[in-house]
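K.L.:
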Amino acid sequence: MSMISMRLPDELSNQLNTLAIATGRTKSFLAGQAIRDYIERESWQIAEITQAISEADAGDFASEEEVYAISAKWERNAG
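Under our numbering, think of the first position of the sequence shown as 2, with each following residue one higher.
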């Protein structure tokens with residue numbers, strides 16, 4: 002397991018400490034979980050963007066009918 006050192010603003014450090022006490026977890030566990038969640042979310046988003054760029058480069062766009070259908074759905078659901 003690797004070890005890193007980081008500086009946190011006092012307010013964030015206090016919030017992390019409060020959460021650690023409230024959950025019975027260590028600050029290291031909570032920080033590691035937060036980093037894991039962030040990396041998973043960002044990796045997913047980058048993969049989706051990369052796929053969309055590839056599709057756009059290949060000319061794979063929604064048809065006019067598909068765009069109209071989605072627009073009509075949103076208009077119906079808006080109220």
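Where is the CB? At the ideal position from N, CA and C, for every residue including glycine.
A48 to Q34, Cα distance in whole Å?
P.N.:
Your numbering for residue 48 matches position 47 in the sequence shown. Your numbering for residue 34 matches position 33 in the sequence shown. Cα to Cα, A48 sits roughly 21 Å from Q34.
K.L.:
Taking a contact to mean a Cβ-Cβ separation below 7 Å, would you say D31 touches L13 in this structure?
P.N.:
For the purposes of this step, residue 31 is identified with residue 30 of the sequence shown, where counting begins at 1. For the purposes of this step, residue 13 is identified with residue 12 of the sequence shown, where counting begins at 1. The identity of residue 31 in the sequence shown is Leu, whereas the question assumes Asp. Contact flag unset, no.
K.L.:
Measure the beta-carbon distance from N18 to K28 and round it to whole angstroms, keeping in mind my assumption that it falls under 8 Å.
P.N.:
Working through the sequence shown from its first residue, we reach residue 18 at position 17. Working through the sequence shown from its first residue, we reach residue 28 at position 27. Between K28 and N18 the Cβ distance is about 6 Å, and since that is below 8 Å, they are a contact.
K.L.:
Report all residues from its chain with a CB closer than 8 Å to the CB of S44; omit the five preceding and five following residues, and keep chain order.
P.N.:
Mapped onto the sequence shown, residue 44 falls at position 43. If we look at S44 and ignore the five residues flanking it on each side, it has no Cβ neighbours.
K.L.:
Compare the C-alpha of E65 against each of A73, A59 and E56 and name the closest.
P.N.:
Start at 1 with the first residue of the sequence shown, and residue 65 comes out as number 64. Checking every option, the nearest Cα to that of E65 belongs to A73.
K.L.:
Mind checking which residues open and close the alpha helix (DSSP H) that includes T19?
P.N.:
By one-based count along the sequence shown, residue 19 stands at place 18. Where T19 is concerned, the enclosing alpha helix (DSSP H) stretches over D11 to T24.
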